[in-house]
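Visitor: In our numbering, the protein residues as written are 4 to 316.
What follows is a single structure, and I will ask about it in a moment.
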Ligand SMILES: Cc1ncc(COP(=O)(O)O)c(C=O)c1O
């Protein structure tokens, strides 16, 4: 829908003044956005750098497009930030793109401007695309969200209303990039989906028109939830949690010597769901990922249960 693309373009002018509706394609969430972005730019045999730990779709999206995912590490001792020297060492003549996600799922880290700029400079120097998953850009509690599009022209922003409007099942998101790439994305999208659902496009457009100070309230609400989650984490002596500056996850490292899947299953048996860190890549093993997209009361209750389970292992 033209009106929705216009409204999205307007909201992106904070990153780049020249964003117009031709730079936007509406997608069925970031999941479809990332998939069509990979199908569009990745050729057979291309390599794409993906975060480890990172959101689960990136590697498979690259593989389904015929490429090879090459992992770069995000380590707790490095504040879960990319190591620029490691990124440089992973780039080969076959490298086509780097996938980034800030604020991050699962780590809850926001890349500071310096890290964004340093990585963008490498991508510019090596002529790489940046596929930037920015679905949590409204959930930043310290500092500011800095989009890769500020520093790198060949950036493909993948965003979604799933998180911002707590509308995960409505399946509306978008990709923002150059007009030429948008034209190619729309071809892939046609054969994948035809178009995103019209009814929910209207609903999201209405949401954008009437939101007022909503995003500020949302951030404050989640900041309180983050604070509660961090306080409860600190009560668990076997957990070490890095500062959480964005998204809505905490990703503690635990010292119990069991697999994250087993740990998560034991917690599940007591009625609390968390994700095993190993699901996000090999460097996620030894961590658990908790979402605090829940009421303050449930965060308190849930993490009290986690504390009991942790004490029993
Ligand atoms: C980092 C990240 N990207 C993309 C998605 C998918 O979002 P959508 O519902 O818009 O497909 C998620 C959902 O959890 C996510 O955490």
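Heads up, the beta-carbon is just placed ideally off N, CA and C, and yes, glycines get one too.
Does DSSP put residue 139 in a helix, a strand or coil?
Guide: For the purposes of this step, residue 139 is identified with residue 136 of the chain shown, where counting begins at 1. Coil, per DSSP.
Visitor: Can at least three beta-carbon pairs, one atom from the segment 218-227 and one from the segment 177-185, be found at a separation below 8 Å?
Guide: At 8 Å Cβ cutoff, the stretches do not touch.
Visitor: Measure the C-alpha to C-alpha separation of residue 281 and residue 289 and round it to an integer number of angstroms.
Guide: As a working mapping, residue 281 is identified with position 278 in the chain shown. As a working mapping, residue 289 is identified with position 286 in the chain shown. About 7 Å.
Visitor: For my contact list, residue 100 and residue 44 are in at a C-beta cut-off of 8 Å; report their separation, rounded to the angstrom.
Guide: In the chain shown, the residue the question calls residue 100 occupies position 97. In the chain shown, the residue the question calls residue 44 occupies position 41. Right, the Cβ-Cβ distance comes to about 6 Å (below 8 Å), so this counts as a contact.
Visitor: Any heavy atom of ligand 1 within a distance shorter than 7 Å of the CB on residue 32?
Guide: Within the chain shown, numbered from 1, the residue matching residue 32 stands at position 29. Flag set: Cβ of residue 32 near ligand 1.
Visitor: Any heavy atom of ligand 1 closer than 7 Å to the Cβ of residue 71?
Guide: Sequence index remark: in the chain shown, residue 71 carries index 68 (1-based). Not so, every heavy atom of ligand 1 lies at least 7 Å from the Cβ.
Visitor: Roughly how many angstroms separate the alpha carbons of residue 36 and residue 161, rounded to a whole number?
Guide: Numbered from 1 along the chain shown, position 33 holds the residue referred to as residue 36. Numbered from 1 along the chain shown, position 158 holds the residue referred to as residue 161. About 6 Å.
Visitor: With distances taken between CB atoms, is the gap from residue 143 to residue 113 smaller than 8 Å?
Guide: By one-based count along the chain shown, residue 143 stands at place 140. By one-based count along the chain shown, residue 113 stands at place 110. It is a contact, given that the beta carbons lie within the stated cut-off.
Visitor: Can you name the residues that DSSP bridges to residue 242?
Guide: As a working note, residue 242 is residue 239 in the chain shown. Residue 242 pairs with 257.
Visitor: Straight-line CA distance for residue 203 to residue 176?
Guide: Translated into positions along the chain shown, residue 203 becomes position 200. Translated into positions along the chain shown, residue 176 becomes position 173. Taking the straight line from one Cα to the other gives about 10 Å.
Visitor: Note down the Cα distance separating residue 218 from residue 145, rounded to an integer number of angstroms.
Guide: The residue given as residue 218 occupies position 215 in the chain shown. The residue given as residue 145 occupies position 142 in the chain shown. So the two alpha carbons sit approximately 15 Å from each other.
Visitor: Got a sec, what are the start and stop residues for the alpha helix (DSSP H) residue 63 sits in?
Guide: As a position in the chain shown, residue 63 is number 60, starting the count at 1. Here the alpha helix (DSSP H) through residue 63 covers 61-67.
Visitor: Determine the direct distance from the alpha carbon of residue 172 to that of residue 28, and round the result to whole angstroms.
Guide: Within the chain shown, the letter at position 25 stands for residue 28. Within the chain shown, the letter at position 169 stands for residue 172. Near 19 Å, if we compare the C-alpha coordinates of residue 172 and residue 28.
Visitor: Who does residue 319 pair with in a DSSP beta bridge?
Guide: In this structure the chain extends from 4 to 316, so residue 319 is not present and cannot be described.
Visitor: Which runs of the alpha helix (DSSP H) fall wholly inside the segment 112-168 and span at least 4 residues, in chain order?
Guide: You should have 116-129, 164-167.
Visitor: When the Cα atoms are used, what is the spatial distance from residue 56 to residue 284?
Guide: Counted from its first residue, the chain shown places residue 56 at position 53. Counted from its first residue, the chain shown places residue 284 at position 281. Roughly 5 Å between the two C-alpha positions.
Visitor: I believe residue 98 touches residue 50 by the beta-carbon criterion, under 8 Å. Please report the beta-carbon distance rounded to the nearest angstrom.
Guide: Residue 98 sits at position 95 when you count from the first residue of the chain shown. Residue 50 sits at position 47 when you count from the first residue of the chain shown. Their Cβ separation, rounded to whole angstroms, is 5 Å, which keeps residue 98 and residue 50 in contact under 8 Å.
Visitor: Measuring only from the beta carbon, is residue 254 closer than 7 Å to any heavy atom that is part of ligand 1?
Guide: Within the chain shown, residue 254 is the residue found at index 251, counting from 1. The answer is no for residue 254.
Visitor: By how many angstroms is the C-alpha of residue 61 removed from the C-alpha of residue 68?
Guide: In the chain shown, the residue the question calls residue 68 occupies position 65. In the chain shown, the residue the question calls residue 61 occupies position 58. Cα to Cα, residue 68 sits roughly 11 Å from residue 61.
Visitor: Looking at chain D, is there any beta carbon in it that lies within less than 8 Å of the beta carbon of residue 81?
Guide: As a matter of chain content, chain D is missing from the structure shown, which is built from one protein chain.
Visitor: If you compare alpha carbons, which of 296, 279, 303, 211 is closest to residue 139?
Guide: For the purposes of this step, residue 139 is taken as the residue at position 136 of the chain shown. Checking every option, the nearest Cα to that of residue 139 belongs to 296.
Visitor: Helix or strand or just coil, what does DSSP make of residue 179?
Guide: Taking the first residue of the chain shown as 1, we reach residue 179 at position 176. Strand, per DSSP.
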